[in-house]
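Residue numbers (my numbering): 1 to 627.
Next comes the structure, spelled out in structure tokens:
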């Protein structure tokens with residue numbers, strides 16, 4: 001059963017022919033409204049995750065729910081299929097439960113608000129926004145328990161709910177929801193900020209329709225969607241082969257001493273349509289690393305990836321979805337069965353982009369991207385300070401973005417292009433910690449003609465007793481390189497106690513008790529390299545050494561470049577060394593994953609340590625030493 005639309009005006013829209021200037025004006029008006037949504041939200045939200053980092057995703061859609069502008073489309077379709085009530089003027093909907101909205105959102109922390117936009121009694125558009133709430137209850141502060149085995153442990157689940165009816169806030173419902181959160185004042189502020197941003201979009205949509213006429217506005221949105229479909233159809237036909245392409249990658253572990261978990265996908269073109277089939281992906285995990293991947297959401301991932309790699313000039317929206325078919329097996333880690341835990345799905349979400357990179361470039365290797373999107377590392381720190389006040393930090397860290405056909409990968413950059421870091425000055429002002437070091441790690445990006453971005457290292461000194469949660473990956477598998485590029489470095493987490501004792505930490509852990517004076521060394525992964533590093537201009541390698549992105553040893557060992565003390569290149573020595581290293585290496589690999597297979601890596605570790613469990617800290621010590 002699907003939602004029932006109630007309108008007082010059922011007069012249909014008419015599609016009219018548009019001149020290019022009018023279409024361009026409406027297109028840019030929609031873009032401006034989308035960015036204004038962000039501006040309103042950032043100025044009124046309270047949590048640093050939304051206000052400082054931008055962990056939110058706005059959209060404006062047509063009357064069918066297809067995103068025309070935005071950052072993270074495709075969830076209105078799943079919402080409308082799941083909701084069994086009416087959609088009426090003055091309504092605003094709230095949901096956070098993935099199982100109640102067909103995966104339109106993928107864990108309880110994401111609060112999705114959706115507003116049908118009516119004009120003169122009939123639906124003309126939708127506006128929506130979802131943001132990550134710092135806390136929604138559950139068994140651990142931050143509501144992202146690694147060891148959860150059911151979604152009931154992960155905080156309050158909100159089914160699709162009319163939080164506004166006829167523009168009247170359902171205050172009792174909101175108070176009930178906030179009562180289950182550790183930071184109700186933050187959630188209330190973020191909720192109101194999202195509402196304000198959506199109302200801003202509604203105002204701009206109605207202004208555009210009033211200025212140009214309802215039929216022109218409707219036709220413009222249809223034209224923008226259709227234009228995207230035509231561009232993507234051409235892109236698919238020219239870049240996706242009819243022969244099946246296969247790729248697989250791994251989530252290193254699940255935090256409960258099991259793993260790695262394989263994500264496998266086949267891709268091929270069938271006529272004008274591209275097929276993605278995840279048959280062979282591992283079964284769902286006992287822990288919370290499962291990712292309830294909505295098929296429409298995957299199409300969005302794939303579309304934005306293709307556009308950014310092949311033709312960034314194409315306007316990104318939902319117009320192309322009919323050109324893709326996605327098959328995900330039930331009971332897999334990407335389509336877990338209820339009530340599987342989902343809170344830490346970010347590891348699989350990030351790995352999906354690496355799998356896409358491995359698939360989409362095989363038919364045209366020059367367009368391959370290396371690995372490095374890989375994850376979205378989280379750090380949480382909470383407790384009561386010496387004044388008895390509760391503090392609670394949630395933040396996302398950054399890694400090395402992969403090398404790509406058009407250039408180097410950014411250093412210490414977010415998986416999501418619109419995200420920013422939480423400023424260190426903000427952290428030190430509002431939370432009991434000191435950032436002692438904050439830098440990108442030289443040599444951690446994979447060597448290549450275009451090098452991978454370097455990892456980000458942050459040293460946190462804790463000033464109050466509390467509990468820490470760490471969620472990261474790529475400690476076992478490397479972010480692979482392509483077209484002769486080298487893999488990026490793996491991630492590490494080390495805790496040094498005030499008394500000097502050192503602990504190698506798992507990449508996924510909760511309830512880690514820290515004391516005043518303890519120090520966490522938090523290092524993410526580096527992006528994989530693109531292309532033969534021996535062909536990178538030696539002067540660029542020398543510049544990277546001078547800039548602190550490479551060491552002299554790294555330049556020599558990975559690029560065959562001898563850099564003098566004054567940062568100039570020793571040309572004769574470099575030419576000789578590169579010829580020797582190139583001959584010893586032989587033919588370059590299309591993919592360099594850093595080892596032959598997971599089975600080989602585990603067998604080697606078993607022989608040396610006797611360990612089977614890849615999330616065991618001793619195993620991780622072995623991996624770090626082996627690096």
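Positions of the beta carbon are idealized from the N, C-alpha and C atoms, including for glycine.
What does a CB cutoff of less than 8 Å around residue 342 pick up in its chain, not counting 5 residues either side in sequence?
Position 342 of the chain shown, counted from the start, is the residue given in the question as residue 342. Result list for residue 342: 98, 106, 107, 108, 151, 154, 288, 290, 291, 292 and 336, in chain order.
Per the DSSP calculation, residue 563 is bridged to which residue(s)?
Counting from one through the chain shown, the residue named residue 563 turns up at place 563. 569.
Spatial neighbours of residue 277 within its chain, please: C-beta separation below 6 Å, excluding the five flanking residues on both sides.
Position 277 of the chain shown, counting from 1, holds the residue named residue 277. Answer for residue 277: 266 and 327, listed in chain order.
Please give the ranges of any beta strand (DSSP E) in the stretch 345-423, keeping only runs that are unbroken, at least 3 residues long and fully inside the region.
Segments of the beta strand (DSSP E) lying fully in the stretch 345-423: 378-384 and 390-396.
Answer yes if the stretch 188-207 comes into contact with the stretch 46-62, meaning at least three C-beta pairs across the two stretches below 8 Å, and no otherwise.
yes
On a CA-only basis, which of 437, 286, 413 and 395 is nearest residue 146? Give me that one, please.
For the purposes of this step, residue 146 is identified with residue 146 of the chain shown, where counting begins at 1. Looking at the Cα atoms, 286 is the closest of the given residues.
Go ahead and label residue 530 buried or exposed: buried means 16 or more other beta carbons lie within 10 angstroms of its beta carbon, across all protein chains shown.
The residue you call residue 530 lines up with position 530 of the chain shown. Its Cβ being crowded by 16 or more others within 10 Å, residue 530 is buried.
Can you find the residues in the same chain that come closer than 6 Å, C-beta to C-beta, to residue 468, ignoring five residues on each side of it along the sequence?
For the purposes of this step, residue 468 is taken as the residue at position 468 of the chain shown. Correct list, in chain order: 381, 512 and 514.
For residue 631, report the span of its beta strand (DSSP E) as first-last.
This structure cannot speak to residue 631, because the chain is shown only from 1 to 627.
Which residue spans inside the stretch 259-323 form an unbroken beta strand (DSSP E) run of at least 3?
261-270 and 273-277
Taking the runs of the beta strand (DSSP E) that are 3 residues or longer, which of them lie wholly in the stretch 188-259?
245-251
Residue 93 lies in the beta strand (DSSP E); which residues open and close that run?
For the purposes of this step, residue 93 is identified with residue 93 of the chain shown, where counting begins at 1. Looking at the DSSP string, the run of the beta strand (DSSP E) that includes residue 93 is 92-95.
Judging by CA-CA distance, which residue of 462, 196, 401 and 387 is the nearest neighbour of residue 393?
Start at 1 with the first residue of the chain shown, and residue 393 comes out as number 393. For residue 393, the nearest C-alpha among the options comes from 462.
Coil, strand or helix - residue 167 by DSSP:
What you label residue 167 is simply residue 167 of the chain shown in a count that begins at 1. Here residue 167 sits in coil by DSSP.
Is it the case that the Cβ atoms of residue 69 and residue 31 are separated by a distance below 8 Å?
On the chain shown, residue 69 is found 69 positions in, with the first residue counted as 1. On the chain shown, residue 31 is found 31 positions in, with the first residue counted as 1. The answer is yes: Cβ separation under 8 Å.
Secondary structure at residue 453, three-state DSSP: helix, strand or coil?
For the purposes of this step, residue 453 is identified with residue 453 of the chain shown, where counting begins at 1. Looking at residue 453 - three-state DSSP - the assignment turns out to be coil, as it is neither helix nor strand.
Within this structure, are the beta carbons of residue 225 and residue 322 separated by less than 8 Å?
Locating residue 225 in the chain shown gives position 225, where the first residue counts as 1. Locating residue 322 in the chain shown gives position 322, where the first residue counts as 1. No; because the gap between Cβ atoms is not below 8 Å, this pair is not in contact.
Sheet register partners of residue 690 (DSSP bridge)
Outside the shown range of the chain, which is 1 to 627, sits residue 690, and nothing can be said about it.
In terms of alpha-carbon separation, which member of 447, 397, 454 and 504 lies closest to residue 441?
Looking up residue 441 in the chain shown gives position 441. From the listed residues 447, 397, 454 and 504, the smallest Cα separation to residue 441 is found for 454.
Roughly how far, in whole angstroms, is the beta-carbon of residue 304 from the beta-carbon of residue 269, given that I think they are within contact range, below 8 Å?
Against the chain shown, residue 304 aligns to sequence position 304. Against the chain shown, residue 269 aligns to sequence position 269. Incorrect: roughly 19 Å between the Cβ atoms, too far for contact.
Look at residue 388 and residue 465 and say whether their C-beta atoms are less than 8 Å apart.
Residue 388 sits at position 388 when you count from the first residue of the chain shown. Residue 465 sits at position 465 when you count from the first residue of the chain shown. Cβ distance not < 8 Å, so residue 388 and residue 465 don't count as in contact.
Based on the DSSP secondary-structure assignment, which residues constitute the bridge partners of residue 481?
What you label residue 481 is simply residue 481 of the chain shown in a count that begins at 1. DSSP lists 592 as partners of residue 481.
Residue 422 and residue 413 closer than 8 Å at C-beta
As a first step, residue 422 is located in the chain shown; it is residue number 422 there, counting from the start. As a first step, residue 413 is located in the chain shown; it is residue number 413 there, counting from the start. It is not a contact, given that the beta carbons lie outside the stated cut-off.
Who are the Cβ neighbours of residue 582 in its own chain at under 6 Å, not counting the five residues just before and after it?
Sequence index remark: in the chain shown, residue 582 carries index 582 (1-based). The residues are 534.
How would you write the range of the alpha helix (DSSP H) that residue 546 sits in, first residue to last?
To locate residue 546, count along the chain shown from 1; it is residue 546. First-last of the alpha helix (DSSP H) with residue 546: 538-546.
Would you report the Cα separation of residue 15 and residue 36, rounded to the nearest angstrom?
Stepping through the chain shown from its first residue, residue 15 is reached at position 15. Stepping through the chain shown from its first residue, residue 36 is reached at position 36. Cα to Cα, residue 15 sits roughly 28 Å from residue 36.
Hey, would you say residue 472 sits closer than 8 Å to residue 377, going by beta carbons?
On the chain shown, position 472 is the one that residue 472 refers to. On the chain shown, position 377 is the one that residue 377 refers to. Cβ distance < 8 Å, so residue 472 and residue 377 count as in contact.
Taking only three categories from DSSP, how would you classify residue 179?
Locating residue 179 in the chain shown gives position 179, counting from the first residue. In this structure, residue 179 counts as coil in the three-state DSSP scheme.
Who are residue 70's beta bridge partners in DSSP?
The residue given as residue 70 occupies position 70 in the chain shown. The partner list for residue 70 (beta bridge, DSSP) reads 59.
Segment limits, beta strand (DSSP E) that includes residue 657:
Within the shown structure, residues of the chain are numbered from 1 to 627, placing residue 657 beyond reach of any answer.
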